[in-house]
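Below: one structure, written as structure tokens.
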Amino acid sequence: MGKTYDAIDDKLAAFLLRQHLFFVATAPNIGNGHVNLSPKGLDGFRVLTPTSVAYLDYPGSGVETIAHLRDNGRITLLFCAFSGAPKLVRIYGRGRALEPGDADYARLLPTFHVLLPPRAIIVIEVERVADSCGYGVPRYEYLGERDQLLDWAERKGEDGLERYQRDKNATSIDGLPGLRRFKP
132 MGKTYDAIDD KLAAFLLRQH LFFVATAPNI GNGHVNLSPK GLDGFRVLTP TSVAYLDYPG
192 SGVETIAHLR DNGRITLLFC AFSGAPKLVR IYGRGRALEP GDADYARLLP TFHVLLPPRA
252 IIVIEVERVA DSCGYGVPRY EYLGERDQLL DWAERKGEDG LERYQRDKNA TSIDGLPGLR
312 RFKP
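Residue numbers (the numbering used here): 132 to 315.
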């Protein structure tokens, strides 16, 4: 059934890059903190090396992933084959959030097809990769990306996005620090 890998080979990379949707899970160190699970899409994932991956973190109403990474760095990504042969791939690792103004942010940004200004690039040093059957995952047909996030960002404009992130992304729901540029 399932296999584990120390790194992402070409076959795994091809599978990961074909998926239109993946999930990100993080948790804070505090015992009563909220576990976070977020869907990601919009062609924002890249395999950087066999042991590192990255994805664009677009503006949103919460900042849990970034806050949790600042707290402890632990992160897991889950990719599901919703079409074709059933398969799941989990990437376990240590992540960090690169914000605009960070040197590595500017270096990595051209790697992506950027649809709107990201609030961060999440970079993950891969510690373990595991696949499994995915037999219980239903099949879905990919119909395309949604336009709502892009339309929302366009309506907000650059200044509006900045204000929104200052209001919503300075701290997590557990009170942990979020985006560095908006210190609580």
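Beta carbons: idealized from backbone N, C-alpha and C, even for Gly.
In this structure, DSSP gives Pro170 an extended state, which the three-state scheme calls strand. Looking at the backbone, the Cα of Arg297 and that of Ala158 are separated by about 22 Å. Burial is judged here by how many other beta carbons sit within 10 angstroms of a residue's own beta carbon; Asn300 has at least 16 and is buried. Residue pairing of Cys211 in beta bridges, as defined by DSSP: Leu219. When C-alpha distances from Thr196 are compared across Gly215, Ala251, Ala212, the shortest belongs to Ala251. Between Asp202 and Leu310 the beta-carbon gap is near 14 Å, outside 8 Å, which marks them as no contact. Residue pairing by DSSP places Tyr186 opposite Phe176, Ile253 in a beta bridge. Within the same chain, Thr207, Glu258, Arg259 come within 7 Å of Tyr223 by CB-CB distance, once the 5 residues on both sides are set aside. Shown here for Gln150: same chain residues with a beta carbon closer than 6 Å to its own, the five before and five after excluded, namely Phe210 in chain order. Residue environment: Tyr271 is assigned as exposed (fewer than 16 neighbouring CB atoms within 10 Å of its CB, all protein chains considered). Under DSSP, the beta-bridge partners assigned to Asp262 are Lys134, Val220. When only Cα atoms are considered, Ser192 and Asp235 end up about 25 Å apart. Burial of Ser303 is indicated by the presence of at least 16 other C-beta atoms within 10 angstroms of its C-beta. For Phe153, the enclosing beta strand (DSSP E) covers residues 153 to 157.
Excluding the 5 residues flanking it on each side, Val178 has same chain C-beta neighbours closer than 6 Å at Ile139, Ala144, Val184, in chain order.
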